[in-house]
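Numbering (our numbering), first residue to last: 2 to 203. Ideal Cβ placement from N, Cα and C applies to all residues, glycine included. For clarity, every value in this text was computed on a predicted model and none was experimentally measured. Report on the following structure.
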């Protein structure tokens, strides 16, 4: 009788262990589904902080790959951010509020990573040593409708100059276009960010 009881207990115990083993196996995490995180950024200072990640990649976890798109101007990325094509984007900071409102809070500001990179550069023949010397001059610049325009207008007004009246501003689509005009002698004064300043002055 006791042998039958022991055999029955062993069978029950073995059955319980089998159930537990199968249960633990089922509870193990399944491998993560492959995902691609699409990142949009701009040529110039906005994208410089991502240079190493673009070249060497970034570890966002198991089965997660990143795909970078580098554009020349913010408007080349904003529609894709709104549509959800890009999960991460590095754009001028003023666009954070615009995108937040257009997407009803779906797009939020993650961080501000670039400060102090805009410069006004002038050919030696332009005779510009201060902001006040820009009166009556023409500046080529990019970034109309975003941070560069607001910064330039602020600096001019702070120095008693009215944009479009005391100073002519010719806006171009991309920073590289302003550099090209300077290099070709089509412009003598420009407001451009790094690393374009180093390019034109070296």
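ask   = Using DSSP with H/G/I as helix, E/B as strand and the rest coil, what is residue 115?
value = For the purposes of this step, residue 115 is taken as residue 114 along the chain shown, with counting starting at 1. Taken through DSSP and simplified to helix, strand or coil, residue 115 comes out as coil.
ask   = The beta strand (DSSP E) with residue 171 in it runs from where to where?
value = Indexing the chain shown from 1 puts residue 171 at position 170. That run of the beta strand (DSSP E) goes 169-173.
task = Using a threshold of 8 Å, state whether the C-beta atoms of residue 41 and residue 80 are closer than that.
result = Here residue 41 refers to the residue found at position 40 of the chain shown. Here residue 80 refers to the residue found at position 79 of the chain shown. Not a contact, by the Cβ cut-off of 8 Å.
query = With residue 149 and residue 46 assumed to form a contact (beta carbons below 8 Å), what rounded beta-carbon distance in angstroms separates them?
reply = By 1-based counting over the chain shown, the position of residue 149 is 148. By 1-based counting over the chain shown, the position of residue 46 is 45. So it is not a contact: roughly 10 Å between Cβ atoms.
query = By how many angstroms is the C-alpha of residue 50 removed from the C-alpha of residue 113?
reply = Here residue 113 corresponds to residue number 112 of the chain shown, with the count starting at 1. Here residue 50 corresponds to residue number 49 of the chain shown, with the count starting at 1. Using only the alpha carbons, I get a separation of about 11 Å.
task = Could you tell me if residue 142 is buried or exposed, where buried requires 16 or more neighbouring beta carbons within 10 angstroms of its beta carbon?
result = In the chain shown, residue 142 corresponds to position 141, counting from 1. Its Cβ being crowded by 16 or more others within 10 Å, residue 142 is buried.
query = From residue 191 to residue 146, what does the alpha carbon distance come to, in whole angstroms?
reply = On the chain shown, residue 191 is found 190 positions in, with the first residue counted as 1. On the chain shown, residue 146 is found 145 positions in, with the first residue counted as 1. Whole-angstrom Cα-Cα distance: 17 Å.
ask   = Per DSSP, residue 120 is paired with what?
value = Mapped onto the chain shown, residue 120 falls at position 119. In the DSSP output, where bridge partners are listed per residue, residue 120 has 193.
key: Distance between residue 172 and residue 144 (C-alpha atoms, nearest Å)   = As a first step, residue 144 must be located in the chain shown, where it is residue number 143. As a first step, residue 172 must be located in the chain shown, where it is residue number 171. Computed Cα separation, rounded: 7 Å.
query = Do the region 109-128 and the region 83-98 make contact, defined as three or more Cβ pairs closer than 8 Å?
reply = By the C-beta criterion, the region 109-128 is judged to be in contact with the region 83-98, since at least 3 inter-stretch pairs fall below 8 Å.
request  = Determine the closest residue to residue 107 out of 125, 94, 198 and 84, with distance taken between C-alpha atoms.
outcome  = By 1-based counting over the chain shown, the position of residue 107 is 106. Here the closest residue by C-alpha is 84.
key: Nearest-angstrom Cα separation, counted from residue 138 out to residue 158   = As a first step, residue 158 is located in the chain shown; it is residue number 157 there, counting from the start. As a first step, residue 138 is located in the chain shown; it is residue number 137 there, counting from the start. Roughly 15 Å separates the two Cα atoms.
key: N- and C-terminal bounds of the beta strand (DSSP E) containing residue 132   = Mapped onto the chain shown, residue 132 falls at position 131. Here residue 132 belongs to no beta strand (DSSP E), and DSSP marks it neither H nor E.
Buried versus exposed, by CB contacts within 10 Å (16 or more), residue 133 = In the chain shown, counting from the first residue as 1, residue 133 sits at position 132. Flag for residue 133 reads exposed.
query = Nearest CA to the CA of residue 48: which residue from 184, 36, 38 and 93?
reply = Taking the chain shown and counting its residues from 1, one reaches residue 48 at position 47. Nearest C-alpha to residue 48: 93.
key: residue 57 to residue 163 span [Cα, whole Å]   = The count along the chain shown starts at 1 and reaches residue 57 at position 56. The count along the chain shown starts at 1 and reaches residue 163 at position 162. Their Cα atoms are separated by approximately 46 Å.
request  = Kindly indicate which residue of 35, 82 and 44 has the alpha-carbon position closest to the one of residue 61.
outcome  = Residue mapping note: residue 61 aligns to position 60 of the chain shown, counting from 1. If we check each option's Cα against that of residue 61, 35 comes out closest.
Straight-line gap, residue 20 to residue 66 (C-alpha atoms, nearest Å) = Reading the chain shown from its first residue, position 19 is the one you call residue 20. Reading the chain shown from its first residue, position 65 is the one you call residue 66. With a pLDDT of 49 at residue 20, under the threshold of 50, the predicted position of this residue should be treated as unreliable, though the coordinate-derived value follows. Between the alpha carbons of residue 20 and residue 66 lies a gap of roughly 37 Å.
query = So, using beta-carbon positions, are residue 189 and residue 127 closer together than 8 Å?
reply = The sequence position of residue 189 within the chain shown is 188, counting from 1. The sequence position of residue 127 within the chain shown is 126, counting from 1. Judged by beta-carbon spacing, residue 127 lies within the 8 Å limit of residue 189, meaning their Cβ atoms are closer than that value.
ask   = Roughly how many angstroms lie between the CA atoms of residue 95 and residue 78, to the nearest whole one?
value = Reading the chain shown from its first residue, position 94 is the one you call residue 95. Reading the chain shown from its first residue, position 77 is the one you call residue 78. In a straight line, the C-alpha of residue 95 is about 14 Å away from that of residue 78.
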